[in-house]
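Before any comments, here is the structure.
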Amino acid sequence: MNAELYITKASLQISKGEIDKAVDSMMKAINIGNDMISVTQAHCFLGEYYFVNQDYVLSKEHLEWIAQRQEELETEYDDLLNDEIDKANLLLDMMETFSLIE
4 MNAELYITKA SLQISKGEID KAVDSMMKAI NIGNDMISVT QAHCFLGEYY
54 FVNQDYVLSK EHLEWIAQRQ EELETEYDDL LNDEIDKANL LLDMMETFSL
104 IE
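105 is the number that this note's numbering gives the last residue of the sequence shown; the numbers go up by one with no jumps.
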């Protein structure tokens, strides 16, 4: 399977409430890495997932991956990944504001 199919699979798993399986599918999408859009979506999902579950170290890792590539993502994909970029920046700002990470 390619990264995009793992994102689709994860979406179906989320709709069924199979969050742990969705996390695994998102990790597989990242590991395949053949589609920057899917990889960015997976990093965003995992960053949000770990944030909600108060694992701020892992959340930061995934969200910073997006933040570090923001300019490239905006240039290459126009506004296609704006939601993911905005969410990553918002959650990183919240972690910094409330001293949830160092």
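Ideal Cβ positions, reconstructed from N, Cα and C, are used throughout, including at glycine.
Counting of Cβ neighbours within 10 angstroms places residue 93 among the exposed residues, the total staying below 16. Within the model, the alpha-carbon separation for residue 37 versus residue 4 is close to 10 angstroms. Residue 82 carries a coil assignment under DSSP once its states are collapsed to helix, strand and coil. Taking a C-beta distance under 8 angstroms as the contact criterion, residue 66 and residue 95 qualify as a contact pair. When 99, 9, 100 and 105 are compared, the shortest CA-CA separation from residue 44 is found for 9.
In terms of Cα proximity to residue 101, the closest of 86, 59 and 32 is 59.
Within the same chain, and ignoring the five residues on either side of residue 79 in sequence, the residues whose Cβ sits closer than 8 angstroms to its Cβ are 39.
Listed in chain order, the non-local C-beta contacts of residue 19 below 8 angstroms within the same chain number zero, local neighbours out to five positions each way being set aside. By the neighbour-count criterion, in which 16 or more other beta carbons inside 10 Å mark a residue as buried, residue 26 falls on the buried side.
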